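Just so we're aligned, residue 55 is where the sequence shown starts under this note's numbering, counting upward by one.
Worksheet: one structure, shown below.
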Amino acid sequence: GRMGMGGLLCIAAIAILPAAIAFAPCIGLRCASPLPTSQARRPPSLTRILALDAASAAAALSSTHAAAKRLILDSVALRPSEFASDLGFDSFTGVDLGTLGSVAGSVESFRGVDETKVAWVSAVELSGGVLGSRFELQAWNGPEVEVPNLVARATVRADGIDLFLDLRPRLDAGYEDDPTAEITTREGFARAANRARYDEAFFTPEARAWSKGVLGTPGAVPYPPPTDMVQGRATDRAGSVAGPLLVAARFPLTDEAVAACQAAVAETVGKYCEWMRGA
């Protein structure tokens with residue numbers, strides 16, 4: 055809870071470590087050449103290649119970020135936290151990151167009215183330097199609910215949109231385990247039991263099909279999921295911290311891709327809020 059919140063705010067303060075930037079591949083957009091007549095006659099959905107400027111894409115995702123934040127505040131019982139303002143990061147400009155440039159931004163932080171259900175929520179906006187424009191929402195739940203935690207982040211740069219959406223299991227469910235392998239340990243049975251509960255309640259076949267559909271957006275290029283320690287996981291067992299609905303990909307700056315990113319952010323936050331209302 056508290057360490058996680060401090061970690062997020064430190065990330066906001068330095069506008070994400072360089073390693074996080076290197077995490078996603080850099081894929082440049084090529085200038086589109088005139089379409090051959092045969093391609094020009096295809097349906098518009100198959101030939102939509104008009105590139106948007108980064109500012110327009112950032113404005114669209116900023117609007118989606120604001121609406122998603124309002125939905126969380128309307129769905130989850132929260133109270134404002136002074137954590138960000140006490141550190142001077144509720145609103146800041148001109149933070150010099152050296153070769154990364156100067157960054158401005160804001161951090162809104164909240165605690166759950168009942169912290170056994172919601173530990174903390176944060177909304178982060180960053181802009182400037184090579185980071186481009188970043189919009190991020192995180193919600194981390196307390197021990198009395200099974201609902202997965204929320205991470206929703208969109209970063210817009212001149213060469214595309216990095217989208218990271220994760221409804222992250224609180225417990226170690228071993229989603230990186232081979233489902234066909236024989237279970238031979240007590241820990242393996244515990245992971246399988248957690249996985250079965252999560253799959254029935256949250257990570258249904260329909261939900262998985264939705265996330266695959268997002269990754270199927272024309273021009274989207276997935277990048278590897280993060281690996282780290284998971285809450286509740288033994289410190290000697292590293293693995294994926296992400297859930298099975300993870301969307302982690304670079305999207306092109308096209309109107310179709312921007313709309314897909316907006317819809318994906320709204321759907322991810324909507325799922326979280328729906329689950330929390332029923333928790």
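We treat Cβ as the ideally placed atom computed from N, Cα and C, and that holds for glycine.
The model shown is predicted, which means the values in this text are computed figures rather than measured ones.
Quick one: residues in its chain with C-beta nearer than 7 Å to the C-beta of residue i, no 5 flanking neighbours on either side, listed in chain order?
i: Thr147; result: Ala158
i: Ala288; result: Residue confidence for Ala288 is low, a pLDDT of 46 falling below 50, so the modelled location carries little weight; the figure read from the coordinates is stated next. None.
i: Leu257; result: Position check: residue 257 holds Phe in this sequence, whereas Leu was assumed. Within the same chain, Phe257 has close Cβ partners Gly297, Pro298 and Leu299.
i: Ser139; result: none
i: Gly273; result: Phe305, Pro306, Thr308 and Ala311
When you compare only the Cα positions, how much space is there between residue i and residue j?
i: Arg188; j: Glu254; result: 33 Å
i: Cys327; j: Ser163; result: 17 Å
i: Ala333; j: Asp107; result: 41 Å
i: Val130; j: Gly214; result: 32 Å
i: Trp329; j: Leu191; result: 16 Å
i: Asp144; j: Val210; result: 21 Å
i: Leu217; j: Pro280; result: 13 Å
i: Gly196; j: Leu221; result: 15 Å
i: Thr271; j: Phe137; result: 38 Å
i: Ala120; j: Asp128; result: 12 Å
i: Ala212; j: Thr234; result: 43 Å
i: Val319; j: Leu141; result: 28 Å
i: Thr153; j: Gly186; result: 14 Å
i: Ser135; j: Ala112; result: 27 Å
i: Val301; j: Leu132; result: 27 Å
i: Ala317; j: Arg224; result: 25 Å
i: Leu115; j: Ala314; result: 11 Å
i: Asp309; j: Thr170; result: 41 Å
i: Cys85; j: Pro276; result: With a pLDDT of 30 at Cys85, under the threshold of 50, the modelled position of this residue cannot be trusted; read the value that follows with caution. Distance between the alpha carbons of Cys85 and Pro276 is about 22 Å.
i: Ala263; j: Glu230; result: 18 Å
i: Gly155; j: Glu179; result: 16 Å
i: Ala206; j: Val323; result: 7 Å
i: Glu260; j: Thr118; result: 23 Å
i: Ala109; j: Glu241; result: 48 Å
i: Leu204; j: Val172; result: 11 Å
i: Pro306; j: Ser160; result: 26 Å
i: Ala311; j: Pro278; result: 20 Å
i: Arg331; j: Ala208; result: 25 Å
i: Ala94; j: Thr239; result: Only weak support is given to the placement of Ala94: the predicted model assigns it a pLDDT of 34, under 50, and the question is left unresolved by the model.
i: Ile126; j: Ser181; result: 23 Å
i: Leu219; j: Glu321; result: 10 Å
Where DSSP assigns a beta bridge to residue i, which residues make up the other side?
i: Val161; result: Val178
i: Val301; result: Leu219
i: Gln316; result: In the DSSP output, where bridge partners are listed per residue, Gln316 has none listed.
i: Thr209; result: Arg188 and Asp216
i: Phe146; result: Gly159
i: Val275; result: Arg304
i: Trp194; result: Trp174
i: Leu132; result: Gly166
i: Leu204; result: Ala193 and Leu221
Who are the near neighbours of residue i in its chain, counting only those whose CB is closer than 6 Å to its CB and skipping five residues on each side?
i: Phe243; result: Ile237
i: Ala177; result: Lys123, Glu162 and Leu191
i: Val149; result: Val157
i: Val201; result: Asn195, Trp329, Met330 and Ala333
Using CA coordinates, which residue listed in the options is at the minimum distance from residue i?
i: Arg251; options: Ala317, Gly228, Val149 and Ser294; result: Gly228
i: Leu299; options: Ser181, Ala311 and Lys325; result: Lys325
i: Asp168; options: Ser160, Glu198 and Glu241; result: Glu198
i: Lys266; options: Ser294, Pro202, Glu200 and Ala303; result: Ala303
i: Asp232; options: Ser294, Pro306 and Pro278; result: Ser294
Within a Cβ cutoff of 8 Å, which residues of the same chain sit near residue i, ignoring the five residues on either side of it in sequence?
i: Leu269; result: Pro276, Val301 and Ala303
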